[in-house]
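K.L.:
Protein chains in written order, with our numbering: chain Y, 1 to 159; chain G, 160 to 318. Got a structure for you, written out below as structure tokens; questions coming shortly.
Written as structure tokens, this is what we have:
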């Protein structure tokens with residue numbers, strides 16, 4: 001059982017990095033989680049929509065190259081499917097029961113996620129209607145994965 | 160212009176406390192934000208539903224006593240209204256334009272929020288269908304308030 005989280009860009013704030021370490025430690029009781037950071041493409045200040053679209057596609061190609069062949073791919077997308085924490089844990093559990101042992105989550109950059117990456121996804125998942133920073137999205141996702149594994153394993157959630 | 164955030168319980172993790180300080184610092188450019196923590200009522204391990212309901216009402220009374228008379232009150236509730244970040248900023252801005260200068264946000268404890276507190280609210284706001292920890296809710300809310308003020312003041316969002 002393995003989970004990869006592929007993220008565009010690095011975590012800048014120390015407190016977010018500390019939070020990530022904490023959740024990775026807690027998750028290690030259940031599953032191996034690896035975070036893979038790709039370099040954020042710098043967007044020129046006055047980039048046109050067309051230029052942004054080209055950059056987004058380039059970023060998408062980098063992401064697609066990192067997604068392994070047989071993994072179950074969940075792309076975070078504000079327009080994706082909303083789930084509550086129990087439904088999310090069920091979705092993961094059903095996949096595991098059906099024999100899936102590798103999951104890959106994708107968190108895009110400030111330009112969003114290219115259509116090609118969305119097409120690769122088995123699930124487009126929305127954490128909220130609200131827009132979160134990519135840094136915060138990473139923490140929220142890790143916490144939800146941890147929560148899901150607590151639910152699946154019938155463990156008390158450790159706050 | 161003043162914002163109060165009344166929260167049940169204290170932040171335990173240092174990295175969350177650091178994140179709160181950072182957002183309070185950023186928000187100070189726009190508005191005075193004060194965080195008021197109330198003591199979390201300890202719930203006996205084998206509390207019945209009835210006992211929990213009594214505790215929740217007690218907790219609610221403590222919260223109600225802290226909400227000032229003329230403030231516009233927003234209670235965070237997973238079953239509340241979902242808004243995107245732009246709608247949230249518009250809701251705040253419309254209130255301010257109509258002369259409201261005091262907002263109070265309420266984040267409940269692990270038992271939820273009593274009906275009496277919900278009845279006091281001008282808005283029941285859901286950050287997500289997913290359940291977040293109360294600690295994380297505080298950070299997400301602060302970030303959304305900061306984002307809202309950036310949108311209202313037409314400022315570039317400082318990641």
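Built from N, CA and C at the ideal position, the CB exists for glycine as well. These figures come from a predicted structure and were not determined experimentally.
(1) Within this structure, are the beta carbons of residue 223 of chain G and residue 284 of chain G separated by less than 8 Å?
(2) Quick check: the Cα distance between residue 202 of chain G and residue 45 of chain Y, rounded to an integer number of angstroms?
(3) Contact defined as beta carbons within less than 8 Å: I believe residue 168 of chain G pairs with residue 193 of chain G. What is the distance between those atoms, to the nearest angstrom?
(4) Could you work out which residues of chain Y lie near residue 243 of chain G, taking near to mean beta carbons separated by less than 9 Å?
(5) Is it buried or exposed, residue 163 of chain Y, if we count other Cβ atoms within 10 angstroms and call 16 or more buried?
(6) Does the segment 266-280 of chain G touch the segment 206-217 of chain G, meaning 3 or more C-beta pairs lie closer than 8 Å?
(7) So the candidates are Y:79, Y:17, Y:133, Y:29; which of them puts its Cα closest to the Cα of residue 147 of chain Y?
(8) Identify every residue that forms a DSSP beta bridge with residue 258 of chain G.
(9) Using a Cβ-Cβ distance cut-off of 8 Å, determine whether residue 188 of chain G contacts chain Y.
(10) Using the rule of at least 16 other Cβ atoms within 10 Å of the residue's Cβ for burial, across every protein chain shown, is residue 257 of chain G buried or exposed?
(11) Relative to the ligand GTP, is the shortest distance from any of its heavy atoms to the C-beta of residue 18 of chain Y smaller than 7 Å?
(12) Check each candidate in Y:3, Y:123, Y:100 and name the one with the smallest Cα separation from residue 79 of chain Y.
(13) Report the three-state DSSP secondary structure of residue 282 of chain G (helix, strand or coil).
(14) Using the Cβ count rule (16 or more neighbours within 10 Å means buried), how would you classify residue 314 of chain G?
(15) Out of G:226, G:175, G:177, G:210, which has the shortest C-alpha to C-alpha gap to residue 162 of chain G?
(16) Please confirm if the segment 136-143 of chain Y is in contact with the segment 244-264 of chain G, defined as three or more CB-CB distances below 8 Å between the two stretches.
(17) Would you kindly report the start and end of the unbroken beta strand (DSSP E) that includes residue 33 of chain Y?
P.N.:
This is what the structure holds:
(1) Going by C-beta atoms, residue 223 of chain G is not nearer than 8 Å to residue 284 of chain G.
(2) Approximately 53 Å, taken between the alpha carbons.
(3) Contact flag wrong, Cβ pair sits at about 17 Å.
(4) The contacting residues are 78, 128, 129, 130, 131.
(5) This structure does not reach residue 163 of chain Y, given that chain Y is present from 1 up to 159, and the question cannot be answered.
(6) With contact defined as three or more Cβ pairs closer than 8 Å, the segment 206-217 of chain G and the segment 266-280 of chain G are in contact.
(7) Comparing alpha-carbon positions, the option among Y:79, Y:17, Y:133, Y:29 lying closest to residue 147 of chain Y turns out to be Y:29.
(8) Residue pairing by DSSP places residue 258 of chain G in no beta bridge whatsoever.
(9) Residue 188 of chain G does not count as touching chain Y.
(10) Flag for residue 257 of chain G reads exposed.
(11) Absent from the structure shown: the ligand GTP. Ligands present: none.
(12) Comparing Cα-Cα distances from residue 79 of chain Y to each of Y:3, Y:123, Y:100, the minimum goes to Y:123.
(13) In the structure shown, residue 282 of chain G sits in a strand (DSSP, three-state: E or B).
(14) By the neighbour-count rule (16 or more Cβ atoms within 10 Å), residue 314 of chain G is not buried but exposed.
(15) Measuring from the Cα of residue 162 of chain G, the nearest candidate turns out to be G:226.
(16) Between the segment 136-143 of chain Y and the segment 244-264 of chain G there are fewer than three C-beta pairs closer than 8 Å, too few to call the two in contact.
(17) 32-38 is the extent of the beta strand (DSSP E) around residue 33 of chain Y.
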